[in-house]
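When you number the sequence shown by our numbering, it's gap-free, plus one each residue, and the end is 297.
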Amino acid sequence: MHILLAEDETVTRLAARALLERAGHRVVAVEDGPAAVAAAAQIAFDLILMDLGLPGLPGDEAVRAIRGRPGGGTPRILMLTASITADGRNRCAGCGADGILAKPLKLDALAAALAGSPQASPPVVEPDFDEGAIATMWDMLPPDRTAELIGKTAAVLRQHDRTLGEALRNGDRMTAGAMAHKIAGVSGQYGCLALRRAARALEAALEDGSSADLPRRIADLTGAMAPALAFLDRCAAATRG
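Shown next as structure tokens:
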């Protein structure tokens with residue numbers, strides 16, 4: 057298939073693109089909403105994978121623009137999001153998308169969505185780390201490229217963690233929620249499942265508007281961040297040999 061991938065997080069976009077290309081697809085990757093709309097106007101894609109939280113133009117608004125252009129065709133469009141919330145589902149359903157996929161992108165979940173089948177439920181007891189996610193990257197990419205991506209991921213998580221901490225200290229719930237969402241997306245793509253769970257829970261607590269549960273959720277994310285970074289550092293070192 058000819059696929060348009062719209063994802064703003066560089067490390068997530070690179071990993072998803074490598075996965076799709078390894079499966080034999082042709083991929084055009086962009087990092088914001090306006091670029092996605094422009095690409096869709098120029099190329100007749102078979103499938104568009106659209107991140108819900110794109111900068112410049114949110115993913116759902118980009119879908120509306122693509123669906124609304126005259127003579128634009130009807131490509132399949134699936135939304136990507138790190139946290140499938142009720143609000144996210146409503147936004148995806150209301151914009152004309154054909155479905156929604158949880159990050160990280162997995163080929164079996166993509167195939168199920170294209171076939172109209174529901175995604176499989178996650179295991180009841182999820183491990184803290186998914187070494188298979190890193191193993192998949194080892195299979196897809198040269199060792200030096202894999203090590204580079206893992207190192208960049210650790211750096212991105214550290215930066216998002218600093219921005220999150222600053223937003224929380226300033227009482228900026230919107231920025232804090234956006235950072236928690238980004239942490240969930242990046243950590244899941246690279247196998248840091250405990251950190252993803254903690255980030256999703258913090259994002260939900262921030263969206264809820266109540267402060268009662270925030271201290272525990274913040275502590276959970278803080279407690280999961282250091283082991284996640286250590287895991288990534290170990291994987292990068294092992295990749296370098």
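All C-beta atoms in this analysis are idealised placements derived from N, C-alpha and C, irrespective of residue type, glycine included.
Could you name the residues of the same chain whose beta carbon sits closer than 6 Å to that of residue i, not counting the 5 residues immediately before and after it, in chain order?
i	result
L220	A232 and M235
L258	A236, R273 and L277
A71	Q245
I190	G247 and C291
I239	H216 and A255
A85	L61, R69 and R73
In three-state terms, what does DSSP make of residue i?
i	result
R125	coil
D184	coil
A176	Note that A176 has pLDDT 48, beneath the 50 cutoff, so the model's placement of it is unreliable and no number is given.
L224	helix
I59	strand
T137	strand
G112	coil
D143	helix
Which residue's Cα is closest to the Cα of residue i: the options?
i	options	result
I88	A94, A74 and P111	One point to set straight first is that residue 88 is Asp, not Ile, in the sequence displayed. Nearest option by C-alpha distance: P111.
L163	L76, A85 and A171	L76
A171	E182, P183, D184 and L157	L157
A210	R229, A261 and P283	P283
Would residue i be called buried (16 or more neighbouring beta carbons within 10 Å of its own) or exposed?
i	result
I305	No answer is possible for residue 305: it lies beyond the span of the chain, which begins at 57 and ends at 297.
M135	buried
S243	buried
G22	Residue 22 lies beyond the residue range present for the chain, which begins at 57 and ends at 297; the question has no answer from this structure.
A293	exposed
T130	exposed
With a cut-off of 8 Å on the beta carbons, I'd call residue i and residue j a contact; round off their distance for me.
i	j	result
D102	A62	Not really, about 15 Å apart at Cβ, beyond 8 Å.
L205	M196	Not confirmed; about 10 Å, so no contact.
L262	A280	At roughly 16 Å, the Cβ-Cβ gap does not stay under 8 Å, so L262 and A280 are not in contact.
Ignore the nearest five residues each way along the sequence and tell me which others in residue i's own chain have a CB closer than 7 Å to its CB.
i	result
R299	No answer is possible for residue 299: it lies beyond the span of the chain, which begins at 57 and ends at 297.
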